[in-house]
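**Student:** After the structure tokens below, expect a handful of questions from me.
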Amino acid sequence: MLKISDLYVGYTSVPVLNGISLEVPEGKIVTMLGANGAGKSTTLKAISGLMPAGFGSIRFGGAELAGRRPDEIVRMGIAHVPEGRLVFPGLTVSENIRIGSYLCKYSKAELKRNMEHQFALFPRLAERRGQLAGTMSGGEQQMLSIARALMSKPKLLMLDEPSLGLAPVIIDQIIDKITEINREGTTVLLIEQNAELALAISDWAYILSVGSVALSGPSSEIGRDRSILDAYLGG
Amino acid sequence: MNMRTDREVVLKLSALTKRFGGLTAVRELDLEVREGEICALVGPNGSGKTTVLNLITGIYPVDGGEIRFLNRPIQGLAPHAICWQGIARTFQNIRVLSQQTVFENVLLGKGYGNGGAGILRTLFGTRGHCREEQQNAREIDEVLEFVGLSNLRGELAGNLPYGKQRILEIARALVTGPKLLLLDEPAAGLNSQEILSLMDLVTRINARGIGVLLIEHRMELVGRLSNWVYVLDHGVKIAEGRFESIKEDPMVIEAYLGRRRV
Amino acid sequence: AVAEAKPASYKIVHLAPLTGDASFQGQILVNAAQMAVDEINAAGGINGVPIEYVPIDETSSTNSGIEAVRKAISENPDAIIGPNRSGTILAAHQLWQEAGIPAITDGTNAATTKQNNPYTFRIQIPSTFWIPILAKTAKEYYNASKIAVIYGNNEYSQGLWDATTPALEEYGLETVAVLNYNDGDRDFTSQLLEVRKSGADALFLYGYEAELGLIVRQRTELGMGDLPVFGERGCASPAVQAIAGDENFNGMVCSTTLSQGDPAESIQAFIKKYGETFDTALSPTHVNHYDSIKILADVIGRVGNDHDAIRDALAVLDFEGALGHYQADSEGNLVHTIHTQVFKDGAWQLLLTEEYPVE
Amino acid sequence: MKGMKNFFREYTVFIVCALLMVVPSITSQYVFYVFERGVQNAFLVIGLVILIGYSGMMTLGSAAHLAIGGYAYGIYCLLGLPPVLSAAIAVATATLLGTLLAFPAFKLSGPFLVVTTVGFGEITRILILNLQSLTGGAYGLSGYPVVSQAMQKYLYYGMVALLLLVILAVRRLGRSRIGLALKAVRQDQVAAEVMGVHIKRAKVAAYALSSLLAGLSGVFLANLTGYLSPDSFTGSESATYLLMTVMGGMSNPTGAAVSSVGITALPEVLRFLYSSRLMVYSLALLIYIRVKWGRKRRVALVKPSAQGAPKPKGGES
Amino acid sequence: MLQLVLNGLANGVLYALPALGISLIWNASGQFNFAQSDLLTLGGYIMFTLFGTLKIPYVPAFLLTVAVMGGVGYFLSWVYFYPMLEARVNPQIIMIGTVALSVFIRNFILVVWSSTPQRYRNVFGSRALQFGELFVMPHVLWIIGIVAALLILLQYFLRGTMMGTAMRSVAQRPAAAWLMGIRNNRMISITFMMSTAIAAVAGILIAPINTLSPSMGSTMGAKVMAAVLIGGLGSFSGALVGGILVGVSEILFSAFISSAYRDVFVFGLLVLFLIFRPGGIFKADISEKI
Ligand SMILES: Nc1ncnc2c1ncn2[C@@H]1O[C@H](COP(=O)(O)OP(=O)(O)OP(=O)(O)O)[C@@H](O)[C@H]1O
Ligand SMILES: Nc1ncnc2c1ncn2[C@@H]1O[C@H](COP(=O)(O)OP(=O)(O)OP(=O)(O)O)[C@@H](O)[C@H]1O
Ligand SMILES: [Mg+2]
Ligand SMILES: [Mg+2]
């Protein structure tokens, strides 16, 4: 479904991504692991167009993404839960969730049903519908960011460290949710620092090291040898 | 209360309360950190942990109760004054000066207004001023070495990866010369390997005699580091004790840990 | 001045506000002067030498005005016309004094000619004379006895107010209300209602165009249209008329240099020609520099282009211009005939003509 | 390459001041005056570098500080104090009154602060306009002793020398802990306070220094023009100073000096445009701002094949 | 006394009208546009040309002016605001750019229309309505109505519609808004079109009441901004209340205390407000979450 070949991306003149190639097959959960600064977030930003791709190609279901604006890419069915939450601080919790469905022309009833879905998943948010997102706690904002992305019914869902700052009990729920929506047909590209967790639910894993793919394989295999994994994660 | 060191109390919160509009974020909280201890503060999201740090460091005004540090009440003091008393912290949402270099960010921890750095001395570039600057630079380099950021000294802080920025915040806090360090989710965004080196760092900091109050959701870290754990839920303390006993507490499991992990 | 070789041209620099809030006045000043220059040059110049006319933007602020004066002096002209702003004149007059260049300034503030600068001339009547003629008109044509005064908090209007009390006393008029406002004010209801309460039968009004127009208009809006308004020459500006609207302008009495209602043939010819040459409306207040050029041409034609000779000639000037009769007083004011006129039924009518009494 | 750039950054200030020094001997009176005004403005603008460039506290009231300095000088002189003493007290007065603005600035930022400074500027101007007995009101203030025409040249040399010292000192300030505290005011006050930075004191320092420089500039202005009028200290003058600060690169004192001289001269250079002068002038500034900052920062990647770049796995592209 | 309050009201609604535009931009783009008051003047001049000079009937001329000014807003967002926002330029620099823009527009007007004050007919009638002892100009009632209508419309648009929410989200977190599929550049263009259109409405209404001159807007500008802040930046009701408060209190002050120090009073009032109630009257009481 998503195929990245030989991608170079950089901030200044120094490339952060050094010719990355990876593939996300339809209907699967693929995870990216790697040390701090390996370039995982940069890869997602390149896919969703937040970072312009330098060289190489990013193909999504046959269409080339490189060079397009983020809103076009998102319109093609990609949702990106960015690093650092990026909720809209001056919008209320409800408004934040509602804006997640900006592209889906839901009817009033559908919108309401979908929002209630999210509130059921995160009861904490339901308690705080009217609160400004900027005053929510870190973990609450993380929930909001995920809920917002789930509103849009994407074909490909990209999550950048969804468990960041969440209480263990919530992480469990999120993991369940990810597998659930994957079962319903959404492809998932997941970045996760908690390698065990990520490997447990994903089908395929890529390990990034200083801007290139160091290792890839079925998650079950990658997870088997901790020592190799630890070597790469050490940065 | 089973087996806690009976060393001197460094920080003592009694009946601390904070309200935001109709919401009580922290309710009647009693909490102590003792000398040389690593205490952990855990709890579900939005249970008021960060708010407690904000109250201690004077960012939010206290609505009720008392905060004593080294036996002196500190509530009502301005944040910088509290820092000068010896409390330093990091932030859950990283707050480095992204347009400044790593070195400058750490220099910020040297403060302004508590001696040294006089305007006239700076403008005229007196000898004393230069000596002070060199002294500061040496100290900062030493701290950067200690946390392992020496090689990034001249890098813009905003360009560092997430994890490194967290370490940078710790370095900045160390330079203030704290007696108590408050860490708000230092392990967020770190992978298992990096968590190991963070643990090592915190242990080394603690070994310098600096007390630590740690907020964390990564239980492996809490379990390995902390002498004492406080659990908050909805702003109320629901349990305290050693990690081993806390993790068996049904209330804590229900509200926070979840069943799968146990 | 007989054997001297003639220069290629006589250079006259004209400082006028061409940018900023007063720029429309500056444009009229320059238009009028340009008209005179063109006429003279078309007729062969001054003794065969053409005038080189250089307008320089004085801007509407004092600070950059000073820079403009320096610029003007650096052009090394035979004479300067302007500046137009009293502030600029006060700030910069020493510059042309040091350079020894005579300047025919146009500031409304009488202090400008009291600086002991023999090179400063001023094509103006002291405000001490503008006001008495208004008072006289009020008394003789309107039978007024109780006067209300509204003036703006600016240097120009305050200068006029200073001259008002003695003038009113001279004609035995009683001041029943004195009110002021700040530049930029847009609502004058309270001042006008105050005037009405005072039972005044004439209103003396000093200020800049924008506020004048609004006050005159709001007077009618509040149903005080019958109260005659007396204003110094600024009131005759077409801008004031435009803001107030013709229908609200009836009963406006102005003292002016040139009266559009003046039936004299030369005046009507001038007005006609101006209208044909430029598309900006003629403002009777600002066309004086037509005569300034004519005066300089006359003087240079008589004494040549030596700065001090020009200065000396200006100091004893007695010149019959197209728009009036000009005489120098002891301070260097080039005083001239003035009139009062009233706007009635859509046109200006001449009321009074007065020659300034030079001692 | 980088060394060269650093060298340039360190030493341009000397080159600039040396160039300014030779101005009076090679130009006409009129051009010289423009330079004098430029250098005089530079003091104020360097003050704004501290206030806006370092600490991010915008102001549209800087002309008021200038006015206070100038008027205070004139008034003290007219009260009979000797000029040098008057100048010193005038600068002190400007510093004191300017520092008052730090107090609203404790709480305010962004547009709130800007509009407050607009208000401060207006209040000052109206007071000058209305306190006639002291300030001459709308008639303006003149008649106080000024540096004579003959001595102007030496005043100018003095100003340039002082400018050099001020630039060096302000630059040192920028690199010091105080400068860092000021930069933290702009970027993250909360973090700085928690790290022990006395933010209020830093703000007071910034206002004090910048109004000191503005006061100094005002005293020079009073001496250059010999006449002060309230219309020289309006909001649009403040806006011009703001633009000078931006054009100088916001937090670069040397740049501020260069842009002060340049922008002071620009309207003079544009005189030939007559009435469209200010239009062209402001448009030029706007375009400059747009082009300098608003360009899309396209990522310039080293071609993977280029020498020195890390070798890609998959060969050339 | 009552008459004075009425005058203040008449004065205040003129502040409230442009204040709405400033609040809109603040909400919908997080920018503070110093050129807003000059855009207002520009609107007045375009109306002057269409209605006063070319004698196009009022309503079509009105609509045409608003449309032209909307175009100006689009143009400005396209050549200036959007590229600056996209390049993530420090908002201060963007704001300073608007200062230059303001000078430009004022001088552009000066060059095109000259500085001669102008006027066109006040269609709401030029005789004060008399109620007993009190005088009210008919336009005051009209403008109050228009401000109220705009206020309700804007409030509904920004809070109640998806588009309004999207606009605010672009202002707060452009990157995240992009990820919601919102076209930032189009949103920003629409924001500026709306704000210049509102400026045009304000200019059209104010010009025949005040005097149309190149500095018409900027002489009001500082006090409009004070009104916005007193009312609460970003709040539409605040714009109305702040405008009226400034308008009424300055008239009362100049009537009873001193007209010379009137502006000192207005800005003093502002400073007091900012000290004791930073954020103004209508301010959502939120403290930043650390
Ligand atoms: N604005 C920037 N300018 C320059 N370099 C940057 C910038 N942002 C990030 N980088 C660099 O890009 C590299 C990759 O960053 P990226 O955020 O993709 O890493 P990551 O794998 O997601 O790490 P993390 O685990 O911290 O999220 C890092 O080395 C970082 O220093
Ligand atoms: N400034 C504020 N205004 C309003 N509510 C606030 C504010 N700050 C915090 N809150 C609320 O107080 C509660 C406690 O927040 P706090 O940040 O202390 O939680 P936390 O325990 O740190 O959670 P997390 O683990 O997610 O970081 C939250 O529900 C939050 O929404
Ligand atoms: Mg990342
Ligand atoms: Mg927290």
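Residue numbers (the numbering used here), protein chains in the order written: chain E, 1 to 235; chain V, 236 to 497; chain F, 498 to 856; chain S, 857 to 1173; chain Y, 1174 to 1463.
Glycine included, C-beta positions come from ideal geometry on N, C-alpha and C.
Treat the numbers as computed from the prediction; the structure is a model and nothing was measured.
Among the candidates S:M1015, S:L956, S:S1107, S:A1048, whose CA atom is the shortest distance from the CA of S:L1077?
**Tutor:** Here residue 1077 of chain S corresponds to residue number 221 of the fourth sequence, with the count starting at 1. The shortest Cα separation from S:L1077 among S:M1015, S:L956, S:S1107, S:A1048 belongs to S:M1015.
**Student:** Checking contacts by CB at 8 Å: is V:I505 closer than that to chain Y?
**Tutor:** Examination of residue 505 of chain V is not possible in this model, given that chain V is present from 236 through 497 alone.
**Student:** Got a sec: which bits of the stretch 289 to 322 of chain V sit with their beta carbon under 8 Å from any beta carbon on chain Y, in order along the chain?
**Tutor:** N289, I294, Y295
**Student:** For S:L956, does the count of other Cβ atoms within 10 angstroms reach 16, so buried, or fall short, so exposed?
**Tutor:** Taking the fourth sequence and counting its residues from 1, the one referred to as residue 956 of chain S is at position 100. S:L956 should be labelled exposed.
**Student:** Return yes when the C-beta of S:T1090 is under 7 Å from any heavy atom of ligand 2, and no when it is not.
**Tutor:** The count along the fourth sequence starts at 1 and reaches residue 1090 of chain S at position 234. S:T1090: no, Cβ never under 7 Å from ligand 2.
**Student:** At 4 residues or longer, what runs of the alpha helix (DSSP H) sit wholly inside the stretch 1035 to 1063 of chain S?
**Tutor:** Fully enclosed alpha helix (DSSP H) runs of 4 or longer: 1045 to 1050.
**Student:** Which residue wins for smallest C-alpha separation from F:V726, given the options F:L689, F:T754, F:P760?
**Tutor:** By one-based count along the third sequence, residue 726 of chain F stands at place 229. If we check each option's Cα against that of F:V726, F:L689 comes out closest.
**Student:** What's the call for F:V813, buried or exposed, on a 16-neighbour Cβ count within 10 Å?
**Tutor:** Locating residue 813 of chain F in the third sequence gives position 316, where the first residue counts as 1. Under this definition F:V813 is an exposed residue.
**Student:** Kindly give me the distance between the Cβ atoms of E:G139 and E:A167, rounded to whole angstroms, as I take these residues to be in contact under 8 Å.
**Tutor:** The count along the first sequence starts at 1 and reaches residue 139 of chain E at position 139. The count along the first sequence starts at 1 and reaches residue 167 of chain E at position 167. The distance from the Cβ of E:G139 to that of E:A167 is about 6 Å, consistent with a contact at the 8 Å cut-off.
**Student:** Does V:C274 come out as helix, strand or coil in the three-state DSSP assignment?
**Tutor:** By 1-based counting over the second sequence, the position of residue 274 of chain V is 39. Of the three classes helix, strand and coil, the one that applies to V:C274 here is strand, per DSSP.
**Student:** Under a three-way DSSP split, which group does Y:L1182 fall into?
**Tutor:** Counted from its first residue, the fifth sequence places residue 1182 of chain Y at position 9. Helix, per DSSP.
**Student:** Note the first and the last residue of the continuous alpha helix (DSSP H) segment covering F:I620.
**Tutor:** Mapped onto the third sequence, residue 620 of chain F falls at position 123. Note, F:I620: premise wrong, no alpha helix (DSSP H); not H, not E.
**Student:** Beta-carbon of S:A1061 versus every beta-carbon of chain V: anything under 8 Å?
**Tutor:** Taking the fourth sequence and counting its residues from 1, the one referred to as residue 1061 of chain S is at position 205. By the rule that beta-carbons nearer than 8 Å mark a contact, S:A1061 touches chain V.
**Student:** Taking only the alpha-carbon atoms, compute the straight-line gap between V:T259 and S:R981 and give it to the nearest angstrom.
**Tutor:** What you label residue 259 of chain V is simply residue 24 of the second sequence in a count that begins at 1. What you label residue 981 of chain S is simply residue 125 of the fourth sequence in a count that begins at 1. Whole-angstrom Cα-Cα distance: 49 Å.
**Student:** Distance cutoff 8 Å, beta carbons only. Does Y:A1344 sit that close to anything in chain S?
**Tutor:** The residue labelled residue 1344 of chain Y in the question sits at position 171 within the fifth sequence. Output row for Y:A1344: interface = no.
**Student:** Drop a sphere of 10 angstroms on the beta-carbon of V:Y491, count the other beta-carbons inside from all chains shown, and report buried for 16 or more, exposed for fewer.
**Tutor:** For this step, residue 491 of chain V is matched to residue 256 along the second sequence. Burial call: buried.
**Student:** I want to check one thing, is the minimum distance from the CB of E:S145 to the heavy atoms of ligand 4 below 7 Å?
**Tutor:** Taking the first sequence and counting its residues from 1, the one referred to as residue 145 of chain E is at position 145. Checking the Cβ of E:S145 against ligand 4 gives no.
**Student:** Is any beta-carbon of chain Y found at less than 8 Å from that of S:N986?
**Tutor:** For the purposes of this step, residue 986 of chain S is taken as residue 130 along the fourth sequence, with counting starting at 1. Yes - at least one Cβ of chain Y is within 8 Å of the one on S:N986.
**Student:** Return yes when the Cβ of Y:S1410 is within less than 8 Å of the Cβ of Y:F1455, no when it is not.
**Tutor:** Numbered from its first residue, the fifth sequence carries residue 1455 of chain Y at position 282. Numbered from its first residue, the fifth sequence carries residue 1410 of chain Y at position 237. A contact, by the Cβ cut-off of 8 Å.
**Student:** Tell me whether V:L448 sits in a helix, a strand or coil according to DSSP, three-state version.
**Tutor:** Within the second sequence, the letter at position 213 stands for residue 448 of chain V. Three-state DSSP puts V:L448 in a strand.
**Student:** Might you give, ordered along the chain, the residues of its own chain that have their beta carbon closer than 7 Å to the beta carbon of S:N1079, omitting 5 neighbours on each side?
**Tutor:** Taking the first residue of the fourth sequence as position 1, residue 1079 of chain S is located at position 223. Same-chain partners within the cutoff: V1002, V1003, L1011.
**Student:** Counting only the same chain and skipping the five closest in sequence on each side, list residues whose C-beta sits under 6 Å from that of F:A500.
**Tutor:** In the third sequence, residue 500 of chain F corresponds to position 3, counting from 1. Note on F:A500: pLDDT 46, under 50, position unreliable in the model; the coordinate value appears next. Taken in chain order, the list of residues that qualify is empty.
**Student:** Compare the beta carbon distance of S:K1127 and F:T516 with 8 Å and say whether it is the shorter of the two.
**Tutor:** Position 271 of the fourth sequence holds residue 1127 of chain S. Position 19 of the third sequence holds residue 516 of chain F. The sequence given here places Arg at residue 1127 of chain S; Lys does not occur at that position. If you check the CB distance, S:R1127 and F:T516 do not come in under 8 Å.
**Student:** Just list the alpha helix (DSSP H) runs in the stretch 1182 to 1248 of chain Y, keeping only unbroken ones of 4 residues or longer that don't cross its boundaries, in chain order.
**Tutor:** 1209 to 1220
**Student:** Could you name the residues, in chain order, whose CB is less than 5 Å away from a heavy atom belonging to ligand 2?
**Tutor:** E:T135, E:M136, E:S137, E:G138, E:G139, V:F255, V:A260, V:N280, V:G281, V:S282, V:G283, V:K284, V:T285, V:T286, Y:S1460, Y:K1462
**Student:** Which residue's Cα is closest to the Cα of V:E301: V:V471, V:H364, V:L342, V:K247?
**Tutor:** The residue you call residue 301 of chain V lines up with position 66 of the second sequence. Nearest of V:V471, V:H364, V:L342, V:K247 to V:E301, Cα basis: V:K247.
**Student:** Is the stretch 704 to 716 of chain F in contact with the stretch 1375 to 1386 of chain Y, if contact means three or more CB pairs nearer than 8 Å?
**Tutor:** yes
**Student:** Based on Cα-Cα distance, which residue from V:I473, V:G424, V:F359 lies nearest to S:L1021?
**Tutor:** Here residue 1021 of chain S refers to the residue found at position 165 when the fourth sequence is read from its first residue. By alpha-carbon distance to S:L1021, the top candidate from V:I473, V:G424, V:F359 is V:F359.
**Student:** Between E:A192 and ligand 3, is there a pair consisting of the residue's CB and a ligand heavy atom that are separated by less than 7 Å?
**Tutor:** The count along the first sequence starts at 1 and reaches residue 192 of chain E at position 192. According to the sequence displayed, residue 192 of chain E carries Glu and not Ala. Distance from the C-beta of E:E192 to the nearest heavy atom of ligand 3 is not below 7 Å.
**Student:** Nearer than 7 Å: is that true of the beta carbon of E:I171 relative to any heavy atom of ligand 4?
**Tutor:** Here residue 171 of chain E refers to the residue found at position 171 when the first sequence is read from its first residue. No; taking the cut-off as 7 Å, the Cβ of E:I171 has no heavy atom of ligand 4 nearer than that.
**Student:** Anything in chain Y within Cβ reach of F:Q524, meaning under 7 Å, just list it in chain order.
**Tutor:** Taking the first residue of the third sequence as position 1, residue 524 of chain F is located at position 27. For F:Q524, the residues of chain Y that pass the 7 Å Cβ criterion are S1287, in the order they occur in the chain.
**Student:** Using the three-state DSSP reduction, which class does E:R129 fall into: helix, strand or coil?
**Tutor:** Within the first sequence, residue 129 of chain E is the residue found at index 129, counting from 1. E:R129: coil per DSSP, three-state reduction.
**Student:** Run the CB neighbour count on V:R324, radius 10 Å, all protein chains shown included, and call it buried at 16 or more, exposed below.
**Tutor:** The residue labelled residue 324 of chain V in the question sits at position 89 within the second sequence. By the 10 Å Cβ count, V:R324 comes out buried.
**Student:** Using the DSSP secondary-structure output, state which residues sit across from F:G728 in a beta bridge.
**Tutor:** Walking along the third sequence from the start, residue 728 of chain F turns up at place 231. Partner(s): F:L702, F:C751.
**Student:** Beta carbon of V:L460, beta carbon of V:L449: below 8 Å?
**Tutor:** Residue numbering aside, residue 460 of chain V sits at position 225 when the second sequence is read from its first letter. Residue numbering aside, residue 449 of chain V sits at position 214 when the second sequence is read from its first letter. Their beta carbons are under 8 Å apart, which means V:L460 touches V:L449 by this criterion.
**Student:** Output the distance between the C-alpha atoms of V:R496 and V:T286, rounded to the nearest integer angstrom.
**Tutor:** Counting from 1 along the second sequence, the entry for residue 496 of chain V is found at position 261. Counting from 1 along the second sequence, the entry for residue 286 of chain V is found at position 51. Note on V:R496: pLDDT 49, under 50, position unreliable in the model; no value is reported.
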